[in-house]
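Below is one structure, written out as C-alpha coordinates, with a few remarks after it.
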Amino acid sequence: MPLGRLLKETGRQGGFNFSYNSEALPEDSLVSLSARNKTVEEVLDLVLSRPLEYLEAGNYIILRPRGHTLALTLEDISERGNTYLVSGVVTDPSTGTGLPDASVYERQLLLATLTDEKGRFLLRVRDRYKTVALTASKALYEDTTMFIQLQGVVVLPGKKQGRKPGKWFSGQDENGDVERTGLGMFLLSSRQRVQSLNLREFFTESPVQASLTPGLSSQGRMSAQVVNRVSINLIGGYTAGVDGMEMAGVFNMNKKSVEHVQLAGAFNIVGGSVRGLQAAGAHNTVLGSVKGVQIGGAVNITRGIVEGVQLAGAVNYAGQLKGVQVGIVNIADSSAGYSIGLVNIIRKSGFLRVSLFTNESLQANLAFKSGTSKIFAILQGGITPGPRKLYAYGAGFGKELLLKHGFSLQPELLFQEVYQGSSIYNNQLYRFNLGLHYRAAKKIHVFAGPSFNIWNSNQGSPVDGYGFIPSARRGSFGLNGHGLRGWIGWKAGISILRPL
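Shown next as C-alpha coordinates:
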(Lines of atoms letter the chains of each structure in order from A; the text may use other names.)
(Lines give C-alpha, C1' and ligand atoms only; values in the text may rest on other atoms or scores of the structure.)
Protein backbone atom coordinates (compact mmCIF):
# COMPACT_ATOMS: atom_id res chain seq x y z
CA MET A 1 0.00 0.00 0.00
CA PRO A 2 1.15 3.64 -0.37
CA LEU A 3 3.38 4.86 2.46
CA GLY A 4 1.11 7.82 3.22
CA ARG A 5 -1.88 5.53 3.70
CA LEU A 6 0.14 3.19 5.96
CA LEU A 7 1.25 6.07 8.17
CA LYS A 8 -2.31 7.38 8.40
CA GLU A 9 -3.66 3.96 9.40
CA THR A 10 -0.86 3.43 11.95
CA GLY A 11 -1.63 6.80 13.51
CA ARG A 12 -5.35 6.05 13.60
CA GLN A 13 -4.79 2.78 15.46
CA GLY A 14 -2.36 4.39 17.89
CA GLY A 15 -4.36 7.56 18.49
CA PHE A 16 -1.73 9.99 17.16
CA ASN A 17 -0.71 11.82 13.96
CA PHE A 18 2.46 11.86 11.88
CA SER A 19 4.08 15.12 10.78
CA TYR A 20 6.67 15.11 7.98
CA ASN A 21 7.89 16.88 4.86
CA SER A 22 6.32 15.19 1.83
CA GLU A 23 9.40 16.06 -0.27
CA ALA A 24 11.65 14.14 2.11
CA LEU A 25 9.17 11.29 2.54
CA PRO A 26 7.20 10.47 -0.64
CA GLU A 27 3.68 9.44 0.32
CA ASP A 28 2.99 7.55 -2.91
CA SER A 29 5.88 5.09 -2.57
CA LEU A 30 4.62 1.52 -2.20
CA VAL A 31 5.50 -0.51 0.88
CA SER A 32 4.52 -3.95 2.18
CA LEU A 33 4.42 -4.88 5.84
CA SER A 34 3.34 -7.76 8.06
CA ALA A 35 3.86 -6.97 11.75
CA ARG A 36 2.43 -8.15 15.05
CA ASN A 37 3.19 -6.96 18.59
CA LYS A 38 5.71 -4.37 17.41
CA THR A 39 6.27 -0.85 18.66
CA VAL A 40 5.69 2.18 16.44
CA GLU A 41 9.45 2.71 16.26
CA GLU A 42 9.96 -0.88 15.04
CA VAL A 43 7.26 -0.47 12.39
CA LEU A 44 8.83 2.76 11.13
CA ASP A 45 12.25 1.12 10.94
CA LEU A 46 10.76 -1.61 8.74
CA VAL A 47 9.01 0.63 6.21
CA LEU A 48 11.25 3.70 5.95
CA SER A 49 14.17 3.26 3.57
CA ARG A 50 16.19 6.31 4.62
CA PRO A 51 17.48 7.04 8.16
CA LEU A 52 15.10 9.33 10.00
CA GLU A 53 14.69 10.76 13.46
CA TYR A 54 11.38 10.26 15.26
CA LEU A 55 10.40 13.11 17.56
CA GLU A 56 7.40 12.73 19.87
CA ALA A 57 5.55 15.99 20.67
CA GLY A 58 2.10 15.75 22.25
CA ASN A 59 -0.04 13.49 20.08
CA TYR A 60 2.25 14.03 17.07
CA ILE A 61 5.25 12.00 15.89
CA ILE A 62 7.53 14.12 13.74
CA LEU A 63 9.57 12.33 11.07
CA ARG A 64 12.62 14.12 9.73
CA PRO A 65 15.95 13.24 8.07
CA ARG A 66 18.90 12.92 10.41
CA GLY A 67 21.24 15.86 10.38
CA HIS A 68 18.69 18.10 8.64
CA THR A 69 19.99 21.45 9.88
CA LEU A 70 19.22 25.12 9.33
CA ALA A 71 21.54 27.70 7.81
CA LEU A 72 21.55 31.06 9.61
CA THR A 73 23.12 33.91 7.63
CA LEU A 74 23.67 37.42 8.95
CA GLU A 75 22.96 40.17 6.40
CA ASP A 76 23.20 43.45 8.29
CA ILE A 77 23.66 45.04 11.72
CA SER A 78 22.74 48.71 12.00
CA GLU A 79 22.50 51.02 14.99
CA ARG A 80 19.41 53.16 15.48
CA GLY A 81 19.37 55.22 18.66
CA ASN A 82 19.95 52.86 21.56
CA THR A 83 18.99 49.77 19.55
CA TYR A 84 20.81 47.44 17.17
CA LEU A 85 18.80 46.13 14.22
CA VAL A 86 20.01 42.65 13.36
CA SER A 87 18.77 41.22 10.06
CA GLY A 88 19.46 38.00 8.23
CA VAL A 89 17.99 34.97 6.53
CA VAL A 90 17.30 31.35 7.50
CA THR A 91 17.61 28.81 4.70
CA ASP A 92 17.52 25.10 4.04
CA PRO A 93 21.16 24.32 3.19
CA SER A 94 20.21 21.43 0.94
CA THR A 95 18.12 23.65 -1.36
CA GLY A 96 19.28 27.17 -0.54
CA THR A 97 15.69 28.40 -0.25
CA GLY A 98 14.53 30.65 2.55
CA LEU A 99 12.41 29.05 5.26
CA PRO A 100 9.27 30.89 6.40
CA ASP A 101 8.02 30.74 10.00
CA ALA A 102 11.39 29.81 11.50
CA SER A 103 12.05 31.16 14.99
CA VAL A 104 15.14 33.31 15.55
CA TYR A 105 15.76 34.06 19.20
CA GLU A 106 18.26 35.02 21.90
CA ARG A 107 18.02 32.64 24.86
CA GLN A 108 19.38 34.93 27.58
CA LEU A 109 17.61 38.14 26.55
CA LEU A 110 14.30 36.39 25.74
CA LEU A 111 14.09 38.09 22.35
CA ALA A 112 12.41 36.30 19.46
CA THR A 113 10.93 36.80 16.02
CA LEU A 114 9.67 34.73 13.09
CA THR A 115 11.02 34.74 9.54
CA ASP A 116 8.84 36.03 6.72
CA GLU A 117 7.79 34.07 3.64
CA LYS A 118 11.32 34.44 2.18
CA GLY A 119 13.08 33.34 5.35
CA ARG A 120 14.22 36.85 6.34
CA PHE A 121 14.12 38.21 9.88
CA LEU A 122 14.72 41.44 11.79
CA LEU A 123 15.54 41.43 15.51
CA ARG A 124 15.92 44.50 17.74
CA VAL A 125 18.60 44.33 20.48
CA ARG A 126 19.29 47.05 23.07
CA ASP A 127 22.76 48.59 22.70
CA ARG A 128 23.76 47.76 26.29
CA TYR A 129 24.34 44.17 25.22
CA LYS A 130 27.75 43.56 23.66
CA THR A 131 27.37 39.96 22.51
CA VAL A 132 24.33 37.94 21.52
CA ALA A 133 23.83 34.32 20.53
CA LEU A 134 21.13 33.98 17.90
CA THR A 135 19.52 30.57 17.51
CA ALA A 136 17.35 29.51 14.58
CA SER A 137 14.73 26.81 15.22
CA LYS A 138 12.04 25.24 13.10
CA ALA A 139 10.01 22.07 13.34
CA LEU A 140 11.56 19.19 11.35
CA TYR A 141 15.05 20.81 11.55
CA GLU A 142 17.91 20.86 14.04
CA ASP A 143 18.77 24.18 15.66
CA THR A 144 21.69 26.38 14.61
CA THR A 145 23.31 29.11 16.73
CA MET A 146 25.40 32.13 15.68
CA PHE A 147 27.42 34.30 18.09
CA ILE A 148 27.60 38.02 17.30
CA GLN A 149 29.69 40.79 18.93
CA LEU A 150 27.54 43.82 18.25
CA GLN A 151 30.18 46.48 18.90
CA GLY A 152 32.62 46.19 16.06
CA VAL A 153 30.26 43.75 14.32
CA VAL A 154 32.22 40.54 14.67
CA VAL A 155 30.45 37.32 13.72
CA LEU A 156 31.80 34.23 15.45
CA PRO A 157 31.36 30.78 13.93
CA GLY A 158 27.94 29.33 14.45
CA LYS A 159 27.30 25.87 15.77
CA LYS A 160 24.75 23.18 15.29
CA GLN A 161 22.62 22.39 18.33
CA GLY A 162 23.03 18.63 18.54
CA ARG A 163 20.75 16.14 20.23
CA LYS A 164 21.37 13.17 22.47
CA PRO A 165 22.57 9.99 20.76
CA GLY A 166 19.85 7.83 19.31
CA LYS A 167 17.00 8.65 17.06
CA TRP A 168 13.84 8.68 19.21
CA PHE A 169 13.33 12.00 20.95
CA SER A 170 10.41 12.39 23.32
CA GLY A 171 9.38 15.94 24.13
CA GLN A 172 7.09 16.90 27.00
CA ASP A 173 3.74 15.28 26.35
CA GLU A 174 1.84 18.40 27.27
CA ASN A 175 3.72 20.70 24.85
CA GLY A 176 1.22 22.17 22.43
CA ASP A 177 -1.82 20.49 23.93
CA VAL A 178 -3.09 23.78 25.38
CA GLU A 179 -2.85 25.36 21.95
CA ARG A 180 -5.08 22.66 20.48
CA THR A 181 -7.93 23.29 22.93
CA GLY A 182 -10.87 25.37 21.75
CA LEU A 183 -9.92 28.36 23.89
CA GLY A 184 -6.27 27.99 22.94
CA MET A 185 -7.12 28.13 19.23
CA PHE A 186 -9.34 31.17 19.85
CA LEU A 187 -7.01 33.19 22.10
CA LEU A 188 -3.60 32.46 20.58
CA SER A 189 -2.54 33.78 17.20
CA SER A 190 -1.15 31.49 14.51
CA ARG A 191 2.29 33.13 14.96
CA GLN A 192 2.24 32.30 18.67
CA ARG A 193 1.38 28.68 17.93
CA VAL A 194 4.13 28.43 15.29
CA GLN A 195 6.66 29.95 17.69
CA SER A 196 5.65 27.48 20.38
CA LEU A 197 6.02 24.54 17.99
CA ASN A 198 9.49 25.66 16.89
CA LEU A 199 10.70 26.17 20.47
CA ARG A 200 8.98 23.21 22.10
CA GLU A 201 12.28 21.92 23.55
CA PHE A 202 13.56 25.26 24.88
CA PHE A 203 12.42 26.44 28.31
CA THR A 204 13.92 28.81 30.84
CA GLU A 205 13.03 30.43 34.16
CA SER A 206 12.33 33.97 35.31
CA PRO A 207 11.44 35.53 38.67
CA VAL A 208 8.52 37.60 37.37
CA GLN A 209 6.48 38.43 34.28
CA ALA A 210 3.54 40.72 33.55
CA SER A 211 1.10 40.58 30.65
CA LEU A 212 -1.79 42.58 29.31
CA THR A 213 -2.74 39.79 26.86
CA PRO A 214 -0.82 36.71 25.62
CA GLY A 215 0.74 38.80 22.85
CA LEU A 216 1.70 41.74 25.09
CA SER A 217 4.05 40.42 27.76
CA SER A 218 7.16 41.70 29.50
CA GLN A 219 8.82 38.59 28.04
CA GLY A 220 7.63 39.37 24.53
CA ARG A 221 7.15 36.46 22.18
CA MET A 222 9.12 34.17 24.49
CA SER A 223 6.56 34.17 27.30
CA ALA A 224 5.31 30.68 26.38
CA GLN A 225 8.84 29.31 26.95
CA VAL A 226 9.37 30.79 30.44
CA VAL A 227 8.49 29.31 33.83
CA ASN A 228 7.91 32.16 36.30
CA ARG A 229 7.98 32.54 40.06
CA VAL A 230 5.40 35.33 39.94
CA SER A 231 3.09 35.91 36.98
CA ILE A 232 0.61 38.82 36.83
CA ASN A 233 -1.81 39.03 33.89
CA LEU A 234 -4.06 42.08 33.71
CA ILE A 235 -6.42 40.47 31.19
CA GLY A 236 -4.73 37.19 30.39
CA GLY A 237 -1.37 35.60 29.80
CA TYR A 238 0.29 32.55 28.25
CA THR A 239 3.43 31.20 29.91
CA ALA A 240 5.35 27.94 30.08
CA GLY A 241 4.41 27.43 33.72
CA VAL A 242 4.44 28.74 37.27
CA ASP A 243 6.51 27.79 40.31
CA GLY A 244 5.05 30.24 42.79
CA MET A 245 1.97 32.40 42.20
CA GLU A 246 -0.04 33.47 39.16
CA MET A 247 -3.02 35.83 39.06
CA ALA A 248 -5.15 37.13 36.19
CA GLY A 249 -8.11 39.43 35.81
CA VAL A 250 -9.63 37.09 33.21
CA PHE A 251 -7.53 34.04 32.33
CA ASN A 252 -4.25 32.18 32.72
CA MET A 253 -2.86 29.73 30.15
CA ASN A 254 0.18 27.55 30.85
CA LYS A 255 1.93 25.19 28.48
CA LYS A 256 3.45 23.08 31.26
CA SER A 257 2.78 22.73 34.99
CA VAL A 258 1.72 25.04 37.83
CA GLU A 259 2.85 24.75 41.44
CA HIS A 260 1.53 26.54 44.53
CA VAL A 261 -1.16 29.16 43.66
CA GLN A 262 -3.08 30.07 40.49
CA LEU A 263 -6.05 32.47 40.52
CA ALA A 264 -8.15 33.81 37.63
CA GLY A 265 -11.31 35.86 37.34
CA ALA A 266 -12.71 33.62 34.60
CA PHE A 267 -10.65 30.53 33.70
CA ASN A 268 -7.35 28.68 33.93
CA ILE A 269 -5.99 26.27 31.29
CA VAL A 270 -2.92 24.21 32.19
CA GLY A 271 -1.22 21.81 29.79
CA GLY A 272 0.70 19.97 32.49
CA SER A 273 -0.23 19.31 36.11
CA VAL A 274 -1.25 21.48 39.07
CA ARG A 275 0.14 21.10 42.57
CA GLY A 276 -1.38 23.46 45.13
CA LEU A 277 -4.42 25.75 44.82
CA GLN A 278 -6.14 26.53 41.52
CA ALA A 279 -9.23 28.74 41.53
CA ALA A 280 -11.25 30.46 38.79
CA GLY A 281 -14.55 32.29 38.62
CA ALA A 282 -15.86 30.12 35.77
CA HIS A 283 -13.79 27.04 34.98
CA ASN A 284 -10.46 25.26 35.24
CA THR A 285 -9.02 22.87 32.66
CA VAL A 286 -5.96 20.78 33.52
CA LEU A 287 -4.66 18.38 30.88
CA GLY A 288 -2.44 16.61 33.41
CA SER A 289 -3.16 15.85 37.07
CA VAL A 290 -4.12 17.87 40.15
CA LYS A 291 -2.73 17.42 43.64
CA GLY A 292 -4.30 19.95 45.99
CA VAL A 293 -7.48 22.01 45.70
CA GLN A 294 -9.25 22.94 42.46
CA ILE A 295 -12.14 25.43 42.71
CA GLY A 296 -14.26 26.46 39.73
CA GLY A 297 -17.32 28.69 39.79
CA ALA A 298 -18.95 26.47 37.16
CA VAL A 299 -16.74 23.67 35.79
CA ASN A 300 -13.54 21.81 36.63
CA ILE A 301 -11.93 19.46 34.10
CA THR A 302 -8.86 17.38 34.96
CA ARG A 303 -7.87 14.72 32.46
CA GLY A 304 -5.42 12.98 34.77
CA ILE A 305 -5.52 12.09 38.47
CA VAL A 306 -7.19 14.28 41.10
CA GLU A 307 -5.65 13.90 44.56
CA GLY A 308 -7.30 16.37 46.90
CA VAL A 309 -10.52 18.35 46.49
CA GLN A 310 -12.33 19.29 43.29
CA LEU A 311 -15.08 21.83 44.02
CA ALA A 312 -17.37 23.27 41.31
CA GLY A 313 -20.63 25.18 41.17
CA ALA A 314 -21.92 22.86 38.44
CA VAL A 315 -19.73 20.08 36.98
CA ASN A 316 -16.51 18.30 37.96
CA TYR A 317 -14.64 15.87 35.71
CA ALA A 318 -11.60 13.78 36.63
CA GLY A 319 -9.86 11.09 34.64
CA GLN A 320 -9.06 9.25 37.86
CA LEU A 321 -10.40 10.35 41.24
CA LYS A 322 -8.34 9.71 44.36
CA GLY A 323 -9.80 12.55 46.40
CA VAL A 324 -13.18 14.26 46.77
CA GLN A 325 -15.43 15.86 44.17
CA VAL A 326 -18.16 18.28 45.28
CA GLY A 327 -20.55 19.63 42.65
CA ILE A 328 -24.02 19.31 41.19
CA VAL A 329 -22.74 16.79 38.62
CA ASN A 330 -19.54 14.81 39.20
CA ILE A 331 -17.94 12.67 36.49
CA ALA A 332 -14.89 10.41 36.67
CA ASP A 333 -13.55 7.68 34.43
CA SER A 334 -12.49 5.71 37.51
CA SER A 335 -12.66 6.45 41.22
CA ALA A 336 -11.01 5.44 44.46
CA GLY A 337 -12.40 8.54 46.17
CA TYR A 338 -15.73 10.22 46.90
CA SER A 339 -18.10 12.13 44.62
CA ILE A 340 -20.67 14.28 46.42
CA GLY A 341 -23.42 15.80 44.29
CA LEU A 342 -26.88 15.34 42.83
CA VAL A 343 -25.58 13.16 39.97
CA ASN A 344 -22.36 11.14 40.18
CA ILE A 345 -21.21 9.32 37.04
CA ILE A 346 -18.28 6.93 37.50
CA ARG A 347 -17.64 5.20 34.19
CA LYS A 348 -15.60 2.31 35.62
CA SER A 349 -17.05 0.65 38.76
CA GLY A 350 -19.95 3.10 38.95
CA PHE A 351 -23.67 2.45 38.58
CA LEU A 352 -27.05 4.01 37.89
CA ARG A 353 -30.03 2.52 39.73
CA VAL A 354 -33.71 3.17 39.25
CA SER A 355 -35.82 2.23 42.29
CA LEU A 356 -39.60 1.85 42.46
CA PHE A 357 -40.97 1.54 45.98
CA THR A 358 -43.64 2.41 48.50
CA ASN A 359 -43.40 3.57 52.09
CA GLU A 360 -45.57 4.58 55.02
CA SER A 361 -45.85 8.21 53.84
CA LEU A 362 -46.32 8.06 50.04
CA GLN A 363 -47.84 5.28 48.01
CA ALA A 364 -45.59 5.47 44.93
CA ASN A 365 -41.96 6.62 44.77
CA LEU A 366 -39.31 6.77 42.08
CA ALA A 367 -35.60 7.26 42.87
CA PHE A 368 -32.49 7.60 40.69
CA LYS A 369 -29.22 6.59 42.36
CA SER A 370 -25.81 7.25 40.81
CA GLY A 371 -22.28 6.75 42.08
CA THR A 372 -20.33 3.88 43.62
CA SER A 373 -20.71 1.58 46.60
CA LYS A 374 -18.63 4.04 48.65
CA ILE A 375 -21.17 6.83 48.17
CA PHE A 376 -24.05 7.39 45.78
CA ALA A 377 -26.41 10.29 45.12
CA ILE A 378 -30.20 9.99 45.29
CA LEU A 379 -32.82 12.03 43.40
CA GLN A 380 -36.31 11.05 44.50
CA GLY A 381 -39.95 11.90 43.88
CA GLY A 382 -43.16 10.48 45.31
CA ILE A 383 -46.94 10.73 45.04
CA THR A 384 -50.09 9.60 46.78
CA PRO A 385 -52.97 9.84 44.25
CA GLY A 386 -56.67 10.09 44.98
CA PRO A 387 -58.88 12.53 46.88
CA ARG A 388 -56.21 13.12 49.56
CA LYS A 389 -53.22 13.43 47.27
CA LEU A 390 -49.65 14.31 48.24
CA TYR A 391 -46.50 15.14 46.28
CA ALA A 392 -42.87 15.05 47.41
CA TYR A 393 -39.42 15.53 45.90
CA GLY A 394 -35.96 15.54 47.35
CA ALA A 395 -32.36 14.39 47.31
CA GLY A 396 -29.86 12.60 49.46
CA PHE A 397 -26.98 10.17 49.51
CA GLY A 398 -26.27 6.62 50.57
CA LYS A 399 -23.69 3.86 50.87
CA GLU A 400 -23.71 0.18 49.95
CA LEU A 401 -22.31 -2.38 52.40
CA LEU A 402 -21.85 -5.71 50.64
CA LEU A 403 -22.75 -8.86 52.56
CA LYS A 404 -22.66 -12.52 51.55
CA HIS A 405 -24.95 -14.53 49.29
CA GLY A 406 -26.19 -11.56 47.25
CA PHE A 407 -27.30 -9.44 50.22
CA SER A 408 -26.27 -5.87 50.99
CA LEU A 409 -27.19 -3.11 53.42
CA GLN A 410 -27.81 0.40 52.11
CA PRO A 411 -28.06 3.20 54.68
CA GLU A 412 -29.50 6.37 53.13
CA LEU A 413 -30.07 9.93 54.30
CA LEU A 414 -32.65 12.05 52.44
CA PHE A 415 -34.30 15.45 52.54
CA GLN A 416 -37.74 15.88 50.94
CA GLU A 417 -40.05 18.82 50.37
CA VAL A 418 -43.71 17.74 50.66
CA TYR A 419 -46.53 19.57 48.87
CA GLN A 420 -49.86 19.33 50.70
CA GLY A 421 -51.97 21.71 48.61
CA SER A 422 -50.27 25.10 49.11
CA SER A 423 -46.76 26.44 48.52
CA ILE A 424 -47.04 29.01 51.34
CA TYR A 425 -46.33 26.28 53.88
CA ASN A 426 -43.01 24.68 54.69
CA ASN A 427 -43.27 20.91 54.92
CA GLN A 428 -39.91 19.16 55.22
CA LEU A 429 -39.36 15.46 55.74
CA TYR A 430 -35.96 14.09 56.76
CA ARG A 431 -35.51 10.33 56.41
CA PHE A 432 -32.87 7.83 57.40
CA ASN A 433 -33.46 4.53 55.59
CA LEU A 434 -31.75 1.23 56.27
CA GLY A 435 -32.60 -1.13 53.44
CA LEU A 436 -31.71 -4.80 53.18
CA HIS A 437 -31.18 -5.56 49.48
CA TYR A 438 -31.14 -8.94 47.78
CA ARG A 439 -29.84 -9.48 44.25
CA ALA A 440 -32.71 -11.45 42.73
CA ALA A 441 -31.18 -11.31 39.25
CA LYS A 442 -28.05 -9.88 37.66
CA LYS A 443 -29.47 -6.36 37.41
CA ILE A 444 -32.47 -6.55 39.75
CA HIS A 445 -32.54 -6.02 43.51
CA VAL A 446 -35.52 -6.32 45.84
CA PHE A 447 -35.34 -4.52 49.15
CA ALA A 448 -37.15 -3.66 52.36
CA GLY A 449 -36.24 -2.04 55.63
CA PRO A 450 -37.05 0.42 58.41
CA SER A 451 -36.66 4.18 58.41
CA PHE A 452 -36.47 6.95 60.97
CA ASN A 453 -38.32 10.16 60.05
CA ILE A 454 -38.28 13.76 61.26
CA TRP A 455 -41.16 16.03 60.16
CA ASN A 456 -40.99 19.82 60.22
CA SER A 457 -44.20 21.62 59.15
CA ASN A 458 -45.99 24.91 59.78
CA GLN A 459 -49.20 23.78 58.04
CA GLY A 460 -51.94 23.40 60.64
CA SER A 461 -54.97 22.55 58.49
CA PRO A 462 -55.50 20.55 55.27
CA VAL A 463 -56.30 21.98 51.85
CA ASP A 464 -59.33 20.58 50.00
CA GLY A 465 -58.32 17.62 47.86
CA TYR A 466 -55.01 17.15 49.70
CA GLY A 467 -54.06 15.16 52.76
CA PHE A 468 -51.37 15.21 55.41
CA ILE A 469 -48.43 12.83 55.73
CA PRO A 470 -50.30 10.06 57.64
CA SER A 471 -47.56 9.21 60.11
CA ALA A 472 -47.16 12.86 61.07
CA ARG A 473 -50.65 12.68 62.65
CA ARG A 474 -50.74 9.07 63.87
CA GLY A 475 -48.01 7.16 65.67
CA SER A 476 -45.61 10.10 65.80
CA PHE A 477 -43.86 11.62 68.80
CA GLY A 478 -42.59 15.09 69.63
CA LEU A 479 -38.91 16.03 69.42
CA ASN A 480 -37.37 18.67 71.70
CA GLY A 481 -40.59 20.67 71.98
CA HIS A 482 -39.89 22.72 68.81
CA GLY A 483 -42.79 21.46 66.73
CA LEU A 484 -40.75 18.65 65.22
CA ARG A 485 -42.38 15.24 64.98
CA GLY A 486 -40.70 11.88 64.56
CA TRP A 487 -41.75 8.33 63.78
CA ILE A 488 -40.47 4.92 62.73
CA GLY A 489 -41.44 4.00 59.16
CA TRP A 490 -40.59 1.53 56.43
CA LYS A 491 -40.00 1.16 52.69
CA ALA A 492 -40.06 -1.76 50.24
CA GLY A 493 -39.54 -2.03 46.50
CA ILE A 494 -37.40 -3.07 43.57
CA SER A 495 -34.22 -1.63 41.98
CA ILE A 496 -33.00 -1.99 38.42
CA LEU A 497 -29.23 -1.68 38.06
CA ARG A 498 -27.48 -0.24 35.02
CA PRO A 499 -23.66 -0.32 35.17
CA LEU A 500 -22.01 2.73 33.60
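So that you can map any letter, position 343 of the sequence shown is 343 in UniProt numbering, and since no number is skipped, the others follow by simple counting. Using N, Cα and C, we set each Cβ at its ideal position, and we do this for glycine too.
Could you give the C-beta distance for residue i and residue j, rounded to a whole number, given that I count them as a contact under 8 Å?
i: Leu199; j: Ser137; result: 6 Å
i: Leu7; j: Phe18; result: 5 Å
i: Gly276; j: Val261; result: 6 Å
i: Leu436; j: Phe447; result: 6 Å
i: Ser408; j: Leu402; result: 5 Å
i: Lys130; j: Gln149; result: 6 Å
i: Phe357; j: Gly493; result: 2 Å
i: Gln380; j: Gln416; result: 7 Å
i: Gly271; j: Val178; result: 4 Å
i: Arg120; j: Val89; result: 5 Å
i: Leu99; j: Thr113; result: So it is not a contact: roughly 13 Å between Cβ atoms.
i: Gly304; j: Met253; result: Not quite, the Cβ-Cβ distance comes to about 18 Å (not below 8 Å), so this is no contact.
i: Ala224; j: Ser218; result: Contact flag wrong, Cβ pair sits at about 13 Å.
i: Ser220; j: Leu110; result: Note on identity: in this sequence residue 220 is Gly, with Ser being the wrong assignment. That pair is a contact at about 6 Å.
i: Ala282; j: Leu263; result: About 13 Å separates the two Cβ atoms, so there is no contact after all.
i: Val227; j: Glu205; result: 5 Å
i: residue 535; j: Gly371; result: Beyond the ends of the chain as shown, which are 1 and 500, falls residue 535; an answer cannot be given.
Based on Cα-Cα distance, which residue from the options lies nearest to residue i?
i: Lys255; options: Glu201, Ala112 and Asp143; result: Glu201
i: Val299; options: Gly292, Asn284, Ser476 and Val293; result: Asn284
i: Ala139; options: Leu70, Ser190 and Asp177; result: Leu70
i: Val104; options: Val306, Leu72 and Ser94; result: Leu72
i: Val31; options: Asp92, Val43 and Ser476; result: Val43
i: Lys369; options: Glu360, Ser361, Pro387 and Gly394; result: Gly394
i: Trp455; options: His405, Thr135 and Ser361; result: Ser361
i: Asn82; options: Gln108, Val125 and Glu75; result: Val125
i: Ser457; options: Ile444, His437 and Gly478; result: Gly478
i: Tyr338; options: Leu311, Val354 and Arg353; result: Leu311
i: Gln420; options: Pro385, Ala441 and Lys404; result: Pro385
i: Lys442; options: Leu187, Ile301 and Leu497; result: Leu497
i: Ser213; options: Ala248, Gly489 and Val274; result: It should be noted that the sequence gives Thr, not Ser, for residue 213. When only C-alpha atoms are compared, the closest one is Ala248.
i: Asp464; options: Lys389, Thr115 and Gly475; result: Lys389
i: Lys491; options: Ser29, Ser355, Phe376 and Ser223; result: Ser355
i: Leu484; options: Thr113, Asn427 and Phe468; result: Asn427
i: Gly323; options: Pro450, Gln209, Thr302 and Ala280; result: Thr302
i: Ser335; options: Arg347, Leu197 and Gln195; result: Arg347
i: Ile469; options: Leu429, Asn480 and His482; result: Leu429
i: Leu321; options: Glu106, Arg36, Ala280 and Val306; result: Val306
i: Val274; options: Val226, Phe267 and Ser257; result: Ser257
i: Leu187; options: Gln195, Phe16, Pro207 and Phe251; result: Phe251
i: Gln325; options: Ile62, Leu63 and Gly296; result: Gly296
i: Tyr60; options: Ser349, Pro387 and Val40; result: Val40
i: Phe351; options: Phe147, Val286, Gly398 and Ile383; result: Gly398
i: Glu259; options: Val286, Ile235 and Arg36; result: Val286
i: Thr181; options: Asp127, Ala364 and Ile269; result: Ile269
Report the partner residues of residue i according to the DSSP bridge assignment.
i: Thr39; result: Answer is none; Thr39 lacks a bridge partner.
i: Leu74; result: Gly88
i: Ala377; result: Ser370 and Phe397
i: Lys322; result: For Lys322, which the question treats as bridged, DSSP gives no partner whatsoever.
i: Asn480; result: Per DSSP, none; premise fails for Asn480.
i: Ser29; result: DSSP lists no partner for Ser29.
i: Phe407; result: Tyr438
i: Lys130; result: DSSP lists no partner for Lys130.
i: Asn228; result: Ser206 and Val242
i: Asn344; result: Asn330
i: Asn316; result: Asn300 and Asn330
i: Leu122; result: Ser87
i: Val178; result: Paired residues: none, contrary to the question.
i: Thr95; result: In the DSSP output, where bridge partners are listed per residue, Thr95 has none listed.
i: Glu412; result: Gly398 and Asn433
i: Gln310; result: Gln294 and Gln325
i: Val418; result: Ala392
i: Phe267; result: Phe251 and His283
i: Ser471; result: Ser471 pairs with nothing; no bridge assigned.
Give the range of the alpha helix (DSSP H) segment to which residue i is assigned.
i: Val250; result: Neither: Val250 is in no alpha helix (DSSP H) and is coded neither H nor E.
i: Ser190; result: Ser190 to Asn198
i: Arg5; result: Leu3 to Gly14
i: Met146; result: Counting along the chain, Met146 falls outside any alpha helix (DSSP H), though it belongs to the beta strand (DSSP E) covering Thr144 to Gln149.
i: Leu183; result: Gly182 to Leu187
What are the boundary residues of the beta strand (DSSP E) that residue i is part of?
i: Gln262; result: Val258 to Ala264
i: Gly449; result: Ile444 to Ser457
i: Asp333; result: Val329 to Ser335
i: Ser103; result: Ser103 to Glu106
i: Arg353; result: Phe351 to Asn359
i: Leu112; result: Residue identity differs from the one stated: residue 112 is Ala in this sequence, not Leu. First-last of the beta strand (DSSP E) with Ala112: Leu111 to Leu114.
i: Ser19; result: Asn17 to Tyr20
* Identify every run of the beta strand (DSSP E) within the segment 271-305, keeping only runs that are complete inside it and at least 3 residues long; order them along the chain. => 274-280, 283-286 and 290-296
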